[in-house]
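The numbering of the sequence shown is numbering that gives the first Met the number 0, which starts it at 0 and goes up by one.
All C-beta atoms in this analysis are idealised placements derived from N, C-alpha and C, irrespective of residue type, glycine included.
The structure presented is a predicted model; accordingly, all values stated were derived computationally and were not measured.
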Amino acid sequence: MELIIATHNQHKATEIQRLLPNWISVKTLDEIECFEDIPETENTLEGNARLKSTYISKKYHVNCFADDSGLEIDALGGEPGVYSARYAGENGDAHNNMDLVLEKMQGITNRQAKFRTVISLIIDGVETQFQGTIEGEITQEKSGTEGFGYDPIFKPLGSEATFSEMSLAEKNKISHRSQAVEKMIGFLRGLEK
Ligand code: ITT
Numbered sequence: 000m001e002l003i004i005a006t007h008n009q010h011k012a013t014e015i016q017r018l019l020p021n022w023i024s025v026k027t028l029d030e031i032e033c034f035e036d037i038p039e040t041e042n043t044l045e046g047n048a049r050l051k052s053t054y055i056s057k058k059y060h061v062n063c064f065a066d067d068s069g070l071e072i073d074a075l076g077g078e079p080g081v082y083s084a085r086y087a088g089e090n091g092d093a094h095n096n097m098d099l100v101l102e103k104m105q106g107i108t109n110r111q112a113k114f115r116t117v118i119s120l121i122i123d124g125v126e127t128q129f130q131g132t133i134e135g136e137i138t139q140e141k142s143g144t145e146g147f148g149y150d151p152i153f154k155p156l157g158s159e160a161t162f163s164e165m166s167l168a169e170k171n172k173i174s175h176r177s178q179a180v181e182k183m184i185g186f187l188r189g190l191e192k
């Protein structure tokens with residue numbers, strides 16, 4: 000089975016590719032020479048995941064999936080949420096985004112947060128969505144060098160390390176994205192039978 004992964008985020012693509020079994024072969028947008036920015040104008044992860052997958056499926060007539068993810072912080076009313084990629088501005092700089100979160104969280108003791116991923120899969124024009132969530136907390140400062148986005152300031156519940164202090168394999172054992180991907184693999188396995 001061949002699927003296109005509708006993302007321009009190489010870190011995301013790598014995390015997902017590491018989780019997929021051999022019978023699912025994935026091509027990235029770069030590999031099909033799609034370099035344009037896909038509009039993300041909805042105000043939910045579900046809506047934006049669907050926008051991305053639908054755009055690619057309609058334009059290239061392929062089976063594909065898209066991942067829309069966000070960090071939801073309780074004390075900030077669920078922010079940055081769907082705006083995670085561009086919280087501190089349109090250029091999407093991860094360090095500026097984290098600095099803004101840490102600034103807004105100064106003096107706040109409730110540091111509960113979660114990462115959420117919604118995957119929108121389109122097979123033969125029919126969409127199915129899969130979700131994954133991981134609870135954790137926002138640290139006081141950035142720590143670690145692995146991963147991407149907000150990983151240096153997110154510590155999963157029950158862990159002493161931030162996502163950014165974990166190897167990709169360790170993050171993939173528990174992450175929001177891996178949970179959603181595992182559900183998608185189960186669904187695809189059912190279709191193969
Ligand atoms: P595509 O839309 O091209 O897939 P993107 O980076 O814009 O790439 P999203 O729209 O899903 O992806 O935005 C999600 C943002 O949330 C992302 O840029 C990161 O800042 C953050 N994020 C998502 N998953 C994350 C993870 O596993 N670890 C850390 N930050 C993450």
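The residues A93, in chain order, have a CB closer than 6 angstroms to that of G148 in the same chain once the five nearest residues on each side in sequence are set aside. Bridge pairing for D67: V117 [DSSP]. At least 8 angstroms separates the beta-carbon of L99 from that of I152. Shortest gap from the CB of E39 to any heavy atom of the ligand ITT: under 7 angstroms. Around the beta carbon of T116, a 10 Å sphere encloses 16 or more other beta carbons of the protein chains shown; the residue is thus reported as buried. D150 is the residue among R176, Q178, L156 and D150 whose C-alpha sits nearest the C-alpha of M165.
Spatial neighbours of L156 in its own chain (CB-CB distance under 7 angstroms, excluding positions within 5 residues in sequence) are listed in chain order as E134 and G135.
For P155, DSSP records a beta bridge to G135.
In the structure shown, E14 adopts helical secondary structure according to DSSP, grouped into three states. Only residues of its own chain outside the window of five on either side were considered, and among them T116 have a CB closer than 6 angstroms to the CB of S68, listed in chain order. Contact between the stretch 122 to 133 and the stretch 162 to 180 is present: 3 or more CB-CB pairs across the two stretches fall below 8 angstroms. Three or more Cβ pairs closer than 8 angstroms define a contact, and the stretch 35 to 51 meets that threshold against the stretch 80 to 87. Excluding five sequence positions before and after K170, the CB atoms of its chain that fall closer than 7 angstroms to its own CB belong to G146 and F162, given in chain order. Taking non-hydrogen atoms of the ligand ITT into account, the C-beta of L70 is found less than 7 angstroms away from one of them. Collapsing the DSSP output to three states places I107 in coil.
Exclusion of Y54 from the 7 angstroms shell around the ligand ITT follows from its C-beta lying no nearer than that to any non-hydrogen atom of the ligand. Around the C-beta of E32, fewer than 16 other C-beta atoms lie within 10 Å, and the residue is accordingly described as exposed.
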